[in-house]
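At position 141 of the sequence shown (counting the first as 1) the number is 141 in UniProt numbering, and the numbers step up by one without a gap.
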Amino acid sequence: MIQISALPAFTDNYIWLLQDPSTRRCAVVDPGDAAPVLAWLEQNPGWSLSDILITHHHHDHVGGVEQLKGATDAKVYGPANEKIPARDVALNDNDRITVLGWDFDIYTVPGHTLGHIAFYHPGVLLCGDTLFAAGCGRLFEGTPEQMYTSLERLAALPADTRVYCTHEYTQSNLKFAQAVEPDNADIAERVETVRQLRARGEITLPSNLALEKRTNPFLRTAETSVKQKADERNGRDNRSGAEVFASLRAWKDKF
């Protein structure tokens, strides 16, 4: 069984480490810095890095790829429509790859960047900066419509899917979620849970889609309370889910 753990990087990034105990091979997701990965390999002799999975081209996700490739000769997988250093396999929508014996389906999820991809294995979603715990990525390249469509695609996966995003943004995202839905008891409960985790210095990930659908405003655009708040913010009747999303994202950018 593959084990997944987090290697902290920079101030709030996580590099996800996937380990196969049966072969002592491992893979990493979005290594923006090679140092935490190389340190782990040095501290765990006998393990080899065989694969590097990349969701998008931002430096805090790819900055360590070339150094790791040079040190381990790991195979680098990344989106076909973005410039990814040392990429060996260019991935397009609906491709399938096998890593550490697990099959991953590839979804293109534009919005944060135009070529952003996610890796899905039943029960596991490696989604980079598209879907966050209680939030979503900023629209650096894509449109609100693109990001809304991407999030709806991910939200359609099974409710027990664990969400492995790549930043520790949960606490600040929940502050915004409470501003959108101040009467949402699930959000209030999650705020307290996350407060306790962070007070102990523990990470708040992975999340899961069932929890996100109850507490993440960007997955709740069809809820009357969320639409009404979005309408208040931009003074118009947001008729579509994408319009509600656009209003929320613009509000969050200034929050």
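By construction, the Cβ of each residue, glycine as well, lies at the ideal position given by its N, Cα and C atoms.
If you reduce the DSSP assignment to three classes, tell me which class residue i lands in.
{"i": "LYS83", "result": "coil"}
{"i": "THR113", "result": "coil"}
{"i": "HIS167", "result": "strand"}
{"i": "GLY70", "result": "helix"}
{"i": "THR98", "result": "strand"}
{"i": "PHE176", "result": "helix"}
{"i": "ALA90", "result": "strand"}
{"i": "ALA133", "result": "coil"}
Would you call residue i buried or exposed, if buried means 16 or more other Cβ atoms sit within 10 Å of its Cβ?
{"i": "ARG220", "result": "buried"}
{"i": "ASP33", "result": "buried"}
{"i": "ASN173", "result": "buried"}
{"i": "ASP51", "result": "buried"}
{"i": "GLN19", "result": "buried"}
{"i": "ASN94", "result": "exposed"}
{"i": "GLN146", "result": "buried"}
{"i": "GLY101", "result": "exposed"}
{"i": "ALA159", "result": "exposed"}
{"i": "PRO31", "result": "buried"}
{"i": "PHE245", "result": "buried"}
{"i": "LYS175", "result": "exposed"}
{"i": "PHE218", "result": "buried"}
{"i": "PHE255", "result": "exposed"}
{"i": "ASP253", "result": "exposed"}
Determine the extent of the alpha helix (DSSP H) in which residue i is found, giving its start and end residues.
{"i": "ILE187", "result": "185-199"}
{"i": "PRO8", "result": "Unbroken run through PRO8 is the beta strand (DSSP E), 3-9; no alpha helix (DSSP H)."}
{"i": "ASP60", "result": "59-62"}
{"i": "LEU154", "result": "144-155"}
{"i": "LEU38", "result": "35-43"}
Along the beta strand (DSSP E) that carries residue i, what are the first and last residues, could you check?
{"i": "PHE104", "result": "102-108"}
{"i": "TRP47", "result": "Per DSSP, TRP47 belongs to no beta strand (DSSP E) and is neither H nor E."}
{"i": "GLY128", "result": "124-128"}
{"i": "ILE54", "result": "No beta strand (DSSP E) holds ILE54; DSSP gives it neither H nor E."}
{"i": "ASP20", "result": "13-20"}
{"i": "ARG25", "result": "25-29"}
Can you round the beta-carbon distance between residue i and residue j to whole angstroms, since I take them to be within the 8 Å contact cut?
{"i": "LEU126", "j": "THR55", "result": "7 Å"}
{"i": "LEU139", "j": "HIS112", "result": "7 Å"}
{"i": "LEU205", "j": "TYR14", "result": "7 Å"}
- Query: Mind pulling the beta strand (DSSP E) runs of 3 or more residues that sit fully within the stretch 205-252?
  - Reply: Counting only unbroken stretches of 3 or more residues, no beta strand (DSSP E) element lies wholly within the stretch 205-252.
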